[in-house]
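One structure is given here, and the rest of the page talks about it.
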DNA sequence: AAAGCTAGATCTGTATACAGATTACCATAT
DNA sequence: ATATGGTAATCTGTATACAGATCTAGCTTT
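Protein chains in written order, with the working numbering: chain A, -12 to 204; chain B, -12 to 204.
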């Protein structure tokens, strides 16, 4: 749909995700509405949607960009480690030549050093190509949401994408096992892939432990 | 908060859950607003909230009470079987005397043959007493939502609560293992507990295979 | 200087209004 | 009887308006 609310939602989501809007920053309906030149109703809708996605806290008074914490990160990755391998196991038997081909080309795309946002998008599509074949709409929706939330930690806490080399290797292993049609193997590789990203992120957060303060107004 | 939107949300949620509002039934903002004597704005809010919870479909035109299907049931239980044992494993080491005591009294409450809605509420609180000790807000939120969605299947597809006897036995096993402080055992019992409910529900749905049609209007 | 209080600014929840989109119904034509 | 077209009813998205709640800042009091 092409509503004002959807436009605002999409834009705000991106800005929260990339860290342009920092944790703790207040997002009042009025200010958002004014900034986008719409009335408060679509601004309100957008904030509610983002709150449901977990990117925004709908506090008592004003909505606020949600903070980050090592505890939440832990939780998000625990969920991903539980759900994505399950999705993988269910999907792999249905993955065919078409998916393998598209995954291969996405690997090339990622290897060509695109912007962070494009790299993350290609990465998400790579894994989604497997997941989609599981025929589990709800799980995929949940996974998309969890991935978005963890991607935010990458933007906020890791300036340069240090580790694309390791990730590329892991992706190729996953692709090979998928080609071979071994569900358990792909699932286990996926689980380790996720766990490795968790470790990577955790190390970075521990090095730079200060949770950013609310932006001064 | 004591807003009109929250009141409408709560009431509609209950009515969808118990089946008073049947799958496919259209829920227009206008009609909901009129019925509750509020303006369309809080009605709109309520429908959006319920849509985020998965109880309502926000179709192109009007919102509609979400349908049920064996495929969705499968998916919901797969998720619960993945998440709740994980939550259990994390929580059991922190479960103390207070929780055990409250769980025991909830078992009595359930054994006293309350109404379906009270039984389900006590049941949810029984398990929540464990989960809460895992200190995983996000997982608990997800679990609450999944439980609500599967409870709906109980209301819609199982008239009498046939199986409270089996459930009571399983609950007592869980309680004993929790008292003994064995995380892996409680987790495994919880997984089987969930799987058994899934089987039970699946058998009932297969026996009465017609998904209800939208209510005539 | 610290604590408390009050006026003003800001914000939210909700009602109402209007335009454009969608659907339903019914008459007419084939 | 079925297809077709048009009009009325319904619905949504959004703007605007208003009252009550919450916060802020500065003044007063001690």
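Glycine included, each C-beta is placed from N, C-alpha and C at the ideal position.
Around the beta-carbon of residue 184/A, 16 or more other beta-carbon atoms lie within 10 Å, marking it buried. Annotation: the region -3 to 51 of chain A contains the following complete segments of the beta strand (DSSP E) (minimum length 3 residues), in chain order: 43 to 45. Across the region 102 to 133 of chain B, CB contacts with chain A closer than 8 Å involve 122, 123, 124, 125, 126 and 129, in sequence order along the chain.
In this structure, DSSP gives residue 114/A a helical state, which the three-state scheme calls helix. Only buried fits residue 134/B, as 16 or more other CB atoms lie within 10 angstroms of its CB.
The beta carbon of residue 157/A is closer than 6 Å to those of 180 in its chain, skipping five residues each way along the sequence. Not one beta carbon of chain A lies nearer than 9 Å to the beta carbon of residue 93/B.
The C-beta distance from residue 170/A to residue 79/A rounds to 4 Å, short enough to meet the 8 Å contact threshold. Residue environment: residue 53/A is assigned as buried (16 or more neighbouring CB atoms within 10 Å of its CB, all protein chains considered).
Listed along chain A are 65 and 69, each with a C-beta nearer than 7 Å to that of residue 73/B. With respect to the C-alpha of residue 163/A, the residue from 9/A, 84/A and 193/A having the closest C-alpha is 84/A. Among the residues of chain A, those whose CB is under 7 Å from the CB of residue 39/B are 39, following chain order. Within chain A, the C-beta atoms nearer than 9 Å to that of residue 59/B come from 124 and 125, in chain order.
Within chain A, the C-beta atoms nearer than 9 Å to that of residue 35/B come from 32, 35, 36 and 39, in chain order. Straight across, the Cα-Cα distance linking residue 7/B with residue 0/B is about 10 Å. Residue 155/B is positioned such that its CB atom lies closer than 9 Å to that of residue 94/B. Exclusion of the five residues before and after residue 64/A leaves 185 as the residues of its chain whose Cβ lies within less than 6 Å of its Cβ.
Comparing C-alpha distances from residue 20/A to each of 131/A, -8/A, 40/A and 151/A shows the shortest one belongs to -8/A.
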